[in-house]
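Each residue of the sequence shown is one higher than the one before, starting from 126 at the first, in the working numbering. See structure below.
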Amino acid sequence: MRNRKETISRFERNHLIREGKKYRYYFFDYLYYRLYVVYRKYNEPARFSACGVLCMVSVIVLFFFSIFFASVLPDYWIFTRKNFTPSQGAVIGGGVSVLCFVIFYLRYTHKRTAAILLKYKGNSWNKLIPVWMILFLPLILFLTGIWIVRTIF
Numbered sequence: 126m127r128n129r130k131e132t133i134s135r136f137e138r139n140h141l142i143r144e145g146k147k148y149r150y151y152f153f154d155y156l157y158y159r160l161y162v163v164y165r166k167y168n169e170p171a172r173f174s175a176c177g178v179l180c181m182v183s184v185i186v187l188f189f190f191s192i193f194f195a196s197v198l199p200d201y202w203i204f205t206r207k208n209f210t211p212s213q214g215a216v217i218g219g220g221v222s223v224l225c226f227v228i229f230y231l232r233y234t235h236k237r238t239a240a241i242l243l244k245y246k247g248n249s250w251n252k253l254i255p256v257w258m259i260l261f262l263p264l265i266l267f268l269t270g271i272w273i274v275r276t277i278f
């Protein structure tokens with residue numbers, strides 16, 4: 126009998142079907158799925174690594190939103206240069222990074238990961254979006270943000 130490689134065990138799949146737990150799926154869930162599959166393929170700690178990359182993506186997006194709002198609303202936005210010293214900014218950035226990682230790590234439990242693997246296994250987006258684009262997403266976002274900031278200002 127030939128062994129098949131399955132994403133989750135039959136027990137977990139049957140348990141999810143019996144339990145009938147409904148999750149809401151977001152774009153971050155799809156990114157988590159793609160990162161999880163890639164890291165698991167190369168025998169890396171998949172959940173930890175995927176949550177780390179999602180944390181980097183969200184911190185980069187938060188960074189550029191704060192630059193945008195600080196330049197558009199300089200008197201009303203709390204994260205401006207006149208309110209913080211560089212060391213306070215580093216502490217806040219590190220705290221936000223750790224908090225973001227913990228939130229993603231607590232969100233993607235083993236049950237939710239199994240449900241996400243079932244949901245996105247045969248998705249048509251898997252063939253349209255190449256793996257290198259998912260892996261280089263933090264760099265792509267960072268360079269796109271710099272280009273937007275330089276274009277606007």
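Each residue gets a CB set at the ideal place from its N, CA and C atoms; glycine is no exception.
For residue i, the three-state DSSP class (helix, strand or coil)
| i | result |
| --- | --- |
| Lys252 | helix |
| Arg149 | coil |
| Tyr167 | coil |
| Phe278 | coil |
Residue environment, residue i, which counts as buried when at least 16 other CB atoms sit within 10 Å
| i | result |
| --- | --- |
| Leu264 | exposed |
| Gly177 | buried |
| Leu262 | buried |
| Ser212 | exposed |
| Val223 | exposed |
| Thr210 | exposed |
| Leu231 | exposed |
| Leu268 | exposed |
Short Cβ contact (8 angstroms threshold) for residue i with residue j
| i | j | result |
| --- | --- | --- |
| Ile259 | Leu160 | yes |
| Ile241 | Tyr157 | yes |
| Tyr245 | Arg172 | no |
| Phe221 | Leu187 | The identity of residue 221 in the sequence shown is Val, whereas the question assumes Phe. Going by C-beta atoms, Val221 is nearer than 8 angstroms to Leu187. |
| Val256 | Val163 | yes |
| Phe189 | Gly270 | yes |
| Val266 | Val182 | Residue identity check: residue 266 is Leu in the sequence provided, not Val. Yes. Within cutoff. |
| Arg237 | Tyr151 | no |
| Cys225 | Val184 | yes |
| Tyr155 | Trp272 | no |
Enclosing alpha helix (DSSP H) for residue i [first to last residue]
| i | result |
| --- | --- |
| Leu198 | Premise fails: Leu198 is in no alpha helix (DSSP H) and is neither H nor E. |
Runs of alpha helix (DSSP H) wholly within the stretch 210-267 (minimum 4 residues, chain order): Listed in chain order, the complete alpha helix (DSSP H) runs (minimum 4 residues) inside the stretch 210-267 are 211-232, 235-245, 250-253 and 256-260.
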